[in-house]
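K.L.:
Below you'll find the structure I mean.
Protein chains: 4
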Amino acid sequence: MPQSLSGTLHDGYHTLLQRVYFEHTDFSGIVYHARYLNFLERGRTDYVRLLDIHHNELADGAHGENLAFAVFRMELDFKAAARIDDVLKITTRQGELKGPRLTFNQKITRGDTLIVQAKVGVVLINEEGKPRRFPRAMVKALGL
Amino acid sequence: MPQSLSGTLHDGYHTLLQRVYFEHTDFSGIVYHARYLNFLERGRTDYVRLLDIHHNELADGAHGENLAFAVFRMELDFKAAARIDDVLKITTRQGELKGPRLTFNQKITRGDTLIVQAKVGVVLINEEGKPRRFPRAMVKALGL
Amino acid sequence: MPQSLSGTLHDGYHTLLQRVYFEHTDFSGIVYHARYLNFLERGRTDYVRLLDIHHNELADGAHGENLAFAVFRMELDFKAAARIDDVLKITTRQGELKGPRLTFNQKITRGDTLIVQAKVGVVLINEEGKPRRFPRAMVKALGL
Amino acid sequence: MPQSLSGTLHDGYHTLLQRVYFEHTDFSGIVYHARYLNFLERGRTDYVRLLDIHHNELADGAHGENLAFAVFRMELDFKAAARIDDVLKITTRQGELKGPRLTFNQKITRGDTLIVQAKVGVVLINEEGKPRRFPRAMVKALGL
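Residue numbers (our numbering), protein chains in the order written: chain R, 62 to 205; chain P, 62 to 205; chain H, 62 to 205; chain G, 62 to 205.
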């Protein structure tokens with residue numbers, strides 16, 4: 062299952078394959094619910110990475126202030142369980158931008174099975190934790 | 062700040078103090094959003110523990126089948142940032158029981174500051190991952 | 062099992078009680094080996110906290126430069142398995158200070174059962190990642 | 062940087078590329094030491110996966126009893142710091158088999174920089190936690 066390390070950019074969305082390892086599971090035998098948030102974060106990060114937006118450059122002030130993404134809201138529906146050794150596909154689609162607030166629609170699937178559906182709201186914050194408008198270049202790259 | 066290891070049972074809700082350690086933070090200097098789910102899970106677990114409901118007994122069939130809690134839905138609002146060394150209070154209040162679905166209302170605060178607000182839906186699943194009705198003793202203990 | 066949130070300072074060592082939650086276990090039914098490092102870090106952190114050394118103050122330059130602890134070496138022996146709901150005791154004893162390198166001897170036990178034995182070497186690093194001598198007040202507090 | 066999702070099998074060793082995401086870092090700005098154990102575990106898992114040894118099959122009794130890998134000893138040297146967005150290479154080389162104990166020599170590098178060096182001892186345990194001899198097919202696959 063070859064893929065770029067950062068997944069694949071499609072027209073208006075992004076997909077990333079990720080494996081379930083020991084660290085993601087819990088004693089009930091399935092993936093621990095909080096671990097899916099890590100998979101979702103990787104999907105968002107690699108989506109914007111392929112649009113040439115990088116956390117390390119943001120943190121180093123490439124867009125003026127030192128900036129970092131922060132999540133302000135999540136709605137998560139856990140639909141089915143994933144297990145050790147499963148290969149999961151994380152699909153990330155950007156939704157709308159309202160002022161400084163950007164929404165991503167994401168899902169995690171295994172083959173045809175929907176595992177998690179998520180709506181994730183993010184902002185860009187500066188070092189004081191204040192939300193900042195998305196830089197124009199970033200808005201353009203995201204096609205918003 | 063002495064407390065029972067499992068927090069404190071109040072009339073209709075539960076509180077638990079938890080410290081922010083290295084492992085909870087990320088390079089942006091604040092707590093990584095997915096870590097709050099661990100704090101929330103501890104709150105729910107210790108709430109039902111003080112009602113004499115134990116994960117290890119559930120898993121060993123104390124209520125008939127081998128059972129484990131699973132989260133099926135979360136709504137999370139991240140309102141403010143927590144930092145290294147902060148002491149957080151997790152407040153857990155059970156909401157309603159609809160068939161096999163139990164909702165908890167939770168919040169994480171630092172002093173008067175609301176950090177995270179959460180609505181968490183859980184079910185009890187058996188080893189095949191099928192939702193099971195909450196045992197009568199558990200429903201009674203939860204005051205539902 | 063009441064304790065201070067930061068554990069107990071004894072003559073020359075420190076103990077901390079910690080519960081095993083869902084997040085610490087994996088699908089094999091026991092605690093995932095990497096999670097013990099989180100417990101060990103809490104032991105070290107709360108030991109120095111009770112000696113009035115705080116990560117947030119170190120990071121804010123309370124001892125001159127902005128400093129943070131970093132681990133440079135660990136030897137870990139995993140002797141027995143811990144399980145969900147177990148209460149573990151983390152015992153931390155400082156070993157010797159050689160130049161900028163401080164060694165802690167730690168163990169994790171459940172009752173009389175030794176779960177993990179660890180030897181952990183730490184340094185204080187500045188923002189460029191360079192090791193710094195331990196501040197005199199810290200050395201004195203640690204009794205070295 | 063295309064690679065198979067499970068890394069690459071070389072003559073006597075295995076390499077795997079992994080990205081550093083938000084979840085791996087801490088407030089000091091670098092990767093939290095315990096997260097490297099997750100990378101190391103992925104290296105070992107994908108090495109044996111490419112030798113056709115699968116955790117889910119082991120757990121389902123493909124080799125007789127239900128079996129799982131467990132770590133019994135680690136020696137870790139943290140040599141340099143990794144940061145957000147870094148691409149790390151995990152190299153895994155099996156060492157020797159002594160009775161039920163198998164040692165892996167592993168390292169994590171970023172380009173020419175050595176980040177972590179590790180010696181990891183693992184055993185196969187059954188559901189009671191007892192160490193079991195490695196199945197002959199597995200020993201042969203590992204070239205031991």
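Glycine is no exception: its CB is placed at the ideal position from the N, C-alpha and C atoms.
On a CA-only basis, which of P:T152, P:E84, P:V183 is nearest L77 (chain P)? Give me that one, please.
P.N.:
For the purposes of this step, residue 77 (chain P) is taken as the residue at position 16 of the second sequence. Nearest of P:T152, P:E84, P:V183 to L77 (chain P), Cα basis: P:T152.
K.L.:
CA-CA distance, A141 (chain H) and P192 (chain H)?
P.N.:
For the purposes of this step, residue 141 (chain H) is identified with residue 80 of the third sequence, where counting begins at 1. For the purposes of this step, residue 192 (chain H) is identified with residue 131 of the third sequence, where counting begins at 1. In a straight line, the C-alpha of A141 (chain H) is about 34 Å away from that of P192 (chain H).
K.L.:
Flag this pair as touching only if the stretch 78 to 88 of chain G and the stretch 82 to 93 of chain H have three or more C-beta atom pairs under 8 Å; answer yes or no.
P.N.:
Segments in contact, no.
K.L.:
Strictly under 8 Å for the Cβ-Cβ distance: is G90 (chain H) near chain R by that measure?
P.N.:
As a working note, residue 90 (chain H) is residue 29 in the third sequence. Cβ-Cβ to chain R under 8 Å: yes for G90 (chain H).
K.L.:
Given a threshold of 16 other Cβ atoms within 10 Å of its Cβ, counted over all protein chains shown, does E188 (chain H) qualify as buried or as exposed?
P.N.:
Counting from one through the third sequence, the residue named residue 188 (chain H) turns up at place 127. Flag for E188 (chain H) reads exposed.
K.L.:
Could you tell me if H94 (chain G) is buried or exposed, where buried requires 16 or more neighbouring beta carbons within 10 angstroms of its beta carbon?
P.N.:
Position 33 of the fourth sequence, counting from 1, holds the residue named residue 94 (chain G). Buried is the call here.
K.L.:
Give me the residue from P:I114, P:P161, P:M135, P:L101 with the minimum Cα distance to V184 (chain P).
P.N.:
The sequence position of residue 184 (chain P) within the second sequence is 123, counting from 1. With distances taken between Cα atoms, V184 (chain P) lies closest to P:P161.
K.L.:
With a threshold of 8 Å between beta carbons, is E84 (chain H) in contact with chain R?
P.N.:
Taking the first residue of the third sequence as position 1, residue 84 (chain H) is located at position 23. Chain R contact via Cβ: present.
K.L.:
Where DSSP assigns a beta bridge to N166 (chain H), which residues make up the other side?
P.N.:
Along the third sequence, one-based indexing puts residue 166 (chain H) at 105. Per DSSP, H:R154, H:K180.
K.L.:
In chain H, which residues lie less than 7 Å from I169 (chain R) when you measure between Cβ atoms?
P.N.:
As a position in the first sequence, residue 169 (chain R) is number 108, starting the count at 1. Result: empty, since nearest Cβ-Cβ is about 18 Å, beyond 7 Å.
K.L.:
Taking the C-alpha atoms as reference points, what is the distance between E102 (chain R) and G73 (chain H)?
P.N.:
Along the first sequence, read from residue 1 onward, the residue named residue 102 (chain R) stands at position 41. Along the third sequence, read from residue 1 onward, the residue named residue 73 (chain H) stands at position 12. Distance between the alpha carbons of E102 (chain R) and G73 (chain H) is about 43 Å.
K.L.:
Could you give the DSSP three-state label for V200 (chain G): helix, strand or coil?
P.N.:
As a position in the fourth sequence, residue 200 (chain G) is number 139, starting the count at 1. Three-state result, V200 (chain G): helix.
K.L.:
Between which two residues does the alpha helix (DSSP H) containing E102 (chain R) stretch?
P.N.:
For the purposes of this step, residue 102 (chain R) is identified with residue 41 of the first sequence, where counting begins at 1. Per DSSP, E102 (chain R) belongs to the alpha helix (DSSP H) from 96 to 111.
K.L.:
Using a Cβ cut-off of 8 Å (strictly closer), state whether R134 (chain G) contacts chain H.
P.N.:
Counted from its first residue, the fourth sequence places residue 134 (chain G) at position 73. True, the Cβ-Cβ gap to chain H drops below 8 Å.
K.L.:
Which residues in the same chain as L205 (chain H) place their Cβ atom closer than 6 Å to its Cβ, once the five residues preceding and following it in sequence are excluded?
P.N.:
Your numbering for residue 205 (chain H) matches position 144 in the third sequence. So the list reads L158, once near-sequence residues are dropped.
K.L.:
If contact is defined by three or more beta carbon pairs under 8 Å, each pair taking one atom from either stretch, is the stretch 192 to 201 of chain G in contact with the stretch 122 to 135 of chain G?
P.N.:
Flag = yes, the stretch 122 to 135 of chain G and the stretch 192 to 201 of chain G touch.
K.L.:
In chain order, what residues of the same chain lie with their CB nearer than 6 Å to the CB of E136 (chain P), ignoring the 5 residues before and after it?
P.N.:
The count along the second sequence starts at 1 and reaches residue 136 (chain P) at position 75. So the qualifying residues of the chain are K180.
K.L.:
Among R:G104, R:K150, R:D146, R:Q167, which one has its Cα closest to the Cα of I173 (chain R)?
P.N.:
Taking the first sequence and counting its residues from 1, the one referred to as residue 173 (chain R) is at position 112. Here the sequence assigns Asp to residue 173 (chain R), which means Ile is not the residue at that position. If we check each option's Cα against that of D173 (chain R), R:K150 comes out closest.
K.L.:
Determine the contact status of H70 (chain G) and L111 (chain G), defining contact as a CB-CB distance below 8 Å.
P.N.:
In the fourth sequence, the residue the question calls residue 70 (chain G) occupies position 9. In the fourth sequence, the residue the question calls residue 111 (chain G) occupies position 50. For clarity, residue 70 (chain G) is Leu in the given sequence; the question names His instead. Cβ atoms of L70 (chain G) and L111 (chain G): closer than 8 Å.
K.L.:
Please return the same chain residues whose Cβ sits closer than 6 Å to the Cβ of Y108 (chain G), not counting the five positions on each side in sequence.
P.N.:
For this step, residue 108 (chain G) is matched to residue 47 along the fourth sequence. Within the same chain, Y108 (chain G) has close Cβ partners H75, T153.
K.L.:
On the DSSP bridge list, what partners appear for I186 (chain P)?
P.N.:
Your numbering for residue 186 (chain P) matches position 125 in the second sequence. Note: I186 (chain P) sits in a beta bridge opposite P:A129, P:P192.
K.L.:
State the CB to CB distance for the pair S89 (chain H) and A129 (chain G), rounded to an integer number of angstroms; the pair is presumed to be in contact (CB under 8 Å).
P.N.:
By one-based count along the third sequence, residue 89 (chain H) stands at place 28. By one-based count along the fourth sequence, residue 129 (chain G) stands at place 68. That pair is a contact at about 4 Å.
K.L.:
In chain H, which residues lie with their C-beta within 8 Å of the C-beta of A123 (chain R)?
P.N.:
Here residue 123 (chain R) refers to the residue found at position 62 when the first sequence is read from its first residue. Correct list: empty, because the minimum Cβ distance to chain H is about 19 Å.
K.L.:
The alpha helix (DSSP H) with H116 (chain P) in it runs from where to where?
P.N.:
Working through the second sequence from its first residue, we reach residue 116 (chain P) at position 55. 116 to 120 is the extent of the alpha helix (DSSP H) around H116 (chain P).
K.L.:
Beta carbon of Q178 (chain P), beta carbon of G104 (chain P): below 8 Å?
P.N.:
Here residue 178 (chain P) corresponds to residue number 117 of the second sequence, with the count starting at 1. Here residue 104 (chain P) corresponds to residue number 43 of the second sequence, with the count starting at 1. No, the Cβ-Cβ distance between Q178 (chain P) and G104 (chain P) is not below 8 Å.
K.L.:
Which one or two residues does DSSP pair with V148 (chain P) in a beta bridge?
P.N.:
Walking along the second sequence from the start, residue 148 (chain P) turns up at place 87. Partner(s): P:R80.
K.L.:
Tell me the rounded alpha-carbon separation between V200 (chain H) and D147 (chain G).
P.N.:
As a first step, residue 200 (chain H) must be located in the third sequence, where it is residue number 139. As a first step, residue 147 (chain G) must be located in the fourth sequence, where it is residue number 86. Cα to Cα, V200 (chain H) sits roughly 35 Å from D147 (chain G).
K.L.:
Listing by chain order, which chain R residues have their CB less than 8 Å from the CB of I145 (chain H)?
P.N.:
Taking the first residue of the third sequence as position 1, residue 145 (chain H) is located at position 84. The answer, in chain order, is F88.
K.L.:
Using a Cβ-Cβ distance under 8 Å, would A95 (chain G) count as near chain P?
P.N.:
Sequence index remark: in the fourth sequence, residue 95 (chain G) carries index 34 (1-based). Taking Cβ atoms only, chain P reaches closer than 8 Å to A95 (chain G), which makes this a yes.
K.L.:
Whose C-alpha, out of H:D113, H:R134, H:I145, H:I91, is nearest the C-alpha of N117 (chain P)?
P.N.:
Indexing the second sequence from 1 puts residue 117 (chain P) at position 56. Out of H:D113, H:R134, H:I145, H:I91, H:I145 has the C-alpha closest to the C-alpha of N117 (chain P).
K.L.:
Alpha carbon to alpha carbon, how far is T170 (chain H) from Y97 (chain H)?
P.N.:
Here residue 170 (chain H) refers to the residue found at position 109 when the third sequence is read from its first residue. Here residue 97 (chain H) refers to the residue found at position 36 when the third sequence is read from its first residue. C-alpha separation (whole angstroms): 11 Å.
K.L.:
Grouping DSSP H, G and I as helix and E and B as strand, with all else coil, what is H71 (chain H)?
P.N.:
Counted from its first residue, the third sequence places residue 71 (chain H) at position 10. If DSSP states are grouped into helix, strand and coil, H71 (chain H) belongs with coil.
K.L.:
Identify which residue in H:A202, H:L203, H:I176, H:G190 has its Cα closest to the Cα of F100 (chain H).
P.N.:
Here residue 100 (chain H) refers to the residue found at position 39 when the third sequence is read from its first residue. Closest by alpha carbon: H:I176.
K.L.:
Taking the alpha carbon of G11 (chain G) as the point to measure from, which residue in G:S65, G:F133, G:F139, G:V92 has its own alpha carbon closest?
P.N.:
The structure shown has nothing for residue 11 (chain G), since chain G only spans 62 to 205.
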